[in-house]
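Here's the structure we're looking at; comments come further down.
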Amino acid sequence: DTAVSQTPKYLVTQMGNDKSIKCEQNLGHDTMYWYKQDSKKFLKIMFSYNNKELIINETVPNRFSPKSPDKAHLNLHINSLELGDSAVYFCASSQASSGRPLAKNIQYFGAGTRLSVL
Amino acid sequence: DQQVKQNSPSLSVQEGRISILNCDYTNSMFDYFLWYKKYPAEGPTFLISISSIKDKNEDGRFTVFLNKSAKHLSLHIVPSQPGDSAVYFCAASAFNAGGTSYGKLTFGQGTILTVHP
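In the order they appear, the protein sequences are chains Z and D. The first sequence begins at 5 in the working numbering and counts up one residue at a time. The second sequence begins at -15 in the working numbering and counts up one residue at a time.
See the structure below:
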């Protein structure tokens, strides 16, 4: 039973389109993240939500909009897709608990969504 | 500006020998470091971590060493096994930093480890 699942696994689309990537975790965690792995292979954080509240928002174009309907889901919507958006997007989750700062919590990752913008 | 760097894109090791993966960082605010392992078509999985108050942490075949003065950490795998072949990512976080860095992991670009039978 997959702990952090992303759909779709692959996404091929044309420039200018709008697309969404969904993420769900069944670990009972209260914090979820979106990362982008670019062509240079660096994994860079984009957003993080804790209990449905945005806590990390890196310098990301406002064409990217995360939505967290509940603690178990964090979806990523991308408007007006551009060639430079082509990358692998990873969702992750972790659990913040008392006495264990969020920054030290282990993050569990999904398998990634490979987005190709043509 | 990459605050975490893994300068070796790849490493090839014979089965049974030691694998040493290196990572350098520039941000002196980082106080917690992690290693993740990634197989193709899968997400990264947590391997081992170390707090800045320690200089070594060991878990089975895996040991992480931290040299704060040099802003350098390394992962030792002994003995290496073919199943260890994967991409290894170093990551760092700043616990005491407030605001948007709380909970944020900064990753290196990964090192591809190949262990030959």
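All C-beta atoms, glycine included, are put in the ideal place defined by N, C-alpha and C.
Three-state class that DSSP yields for residue i in the structure shown
i	result
residue 73(Z)	strand
residue 122(Z)	coil
residue 85(Z)	coil
residue 15(D)	coil
residue 111(Z)	coil
residue -5(D)	strand
residue 112(D)	The requested residue 112(D) does not occur in the structure, where chain D is confined to residues -15 to 101.
Residue span of the beta strand (DSSP E) that contains residue i, given as start and end
i	result
residue 6(Z)	Here residue 6(Z) belongs to no beta strand (DSSP E), and DSSP marks it neither H nor E.
residue 112(D)	Residue 112(D) lies beyond the stretch modelled for chain D, which goes from -15 to 101, so this question has no answer here.
residue 97(D)	95 to 100
residue 100(Z)	Premise fails: residue 100(Z) is in no beta strand (DSSP E) and is neither H nor E.
Top-ranked residue by Cα proximity to residue i, from the options
i	options	result
residue 6(Z)	116(Z), 122(Z), 15(Z), 56(Z)	116(Z)
residue 12(Z)	86(Z), 66(Z), 31(Z), 81(Z)	81(Z)
residue -15(D)	3(D), 20(D), 11(D)	11(D)
residue 87(Z)	55(Z), 63(Z), 42(Z)	42(Z)
residue 39(D)	94(D), 16(D), 45(D)	16(D)
residue 58(Z)	84(Z), 31(Z), 77(Z)	77(Z)
residue 60(D)	13(D), -12(D), -3(D), -7(D)	-3(D)
residue 37(D)	26(D), 25(D), 52(D)	52(D)
residue 118(Z)	8(Z), 10(Z), 15(Z)	15(Z)
residue 65(Z)	44(Z), 40(Z), 72(Z), 74(Z)	40(Z)
residue 26(Z)	94(Z), 20(Z), 109(Z), 112(Z)	94(Z)
residue 14(D)	98(D), 101(D), -10(D), 91(D)	91(D)
residue 79(Z)	56(Z), 90(Z), 89(Z), 100(Z)	56(Z)
residue 68(Z)	45(Z), 44(Z), 50(Z)	50(Z)
residue 18(Z)	45(Z), 85(Z), 63(Z)	85(Z)
residue 9(Z)	38(Z), 109(Z), 90(Z)	38(Z)
residue 35(Z)	53(Z), 73(Z), 23(Z)	53(Z)
8 Å contact criterion, which residue i and residue j should meet: CB distance rounded
i	j	result
residue 96(D)	residue 71(D)	5 Å
residue 75(D)	residue 89(D)	4 Å
residue 29(Z)	residue 120(Z)	Actually they do not touch by this definition, with Cβ atoms about 25 Å apart.
residue 23(D)	residue 31(D)	Between residue 31(D) and residue 23(D) the Cβ distance is about 12 Å, and since that is not below 8 Å, they are no contact.
residue -6(D)	residue 99(D)	The Cβ separation is near 12 Å, so there is no contact.
residue 93(D)	residue 46(Z)	5 Å
Residue i beta carbon near the ligand GTP (any heavy atom closer than 7 Å)
i	result
residue 30(Z)	For the structure depicted, the ligand GTP is absent and the ligand set is empty, with no information on it obtainable.
Worksheet item: Residue ranges of each beta strand (DSSP E) run of no fewer than 3 residues wholly in the stretch 10 to 82 of chain Z, ordered along the chain?
Response: If you keep only unbroken beta strand (DSSP E) runs of at least 3 residues inside the stretch 10 to 82 of chain Z, you get 14 to 17, 23 to 29, 35 to 41, 47 to 54, 57 to 61, 68 to 74, 77 to 82.
Discussion item. Which complete beta strand (DSSP E) runs does the stretch 14 to 78 of chain D hold, if anything under 3 residues is left out?
Written reply: Scanning the stretch 14 to 78 of chain D for uninterrupted beta strand (DSSP E) segments of 3 residues or longer gives 16 to 22, 29 to 35, 40 to 43, 46 to 51, 56 to 61, 70 to 77, listed from N- to C-terminal end.
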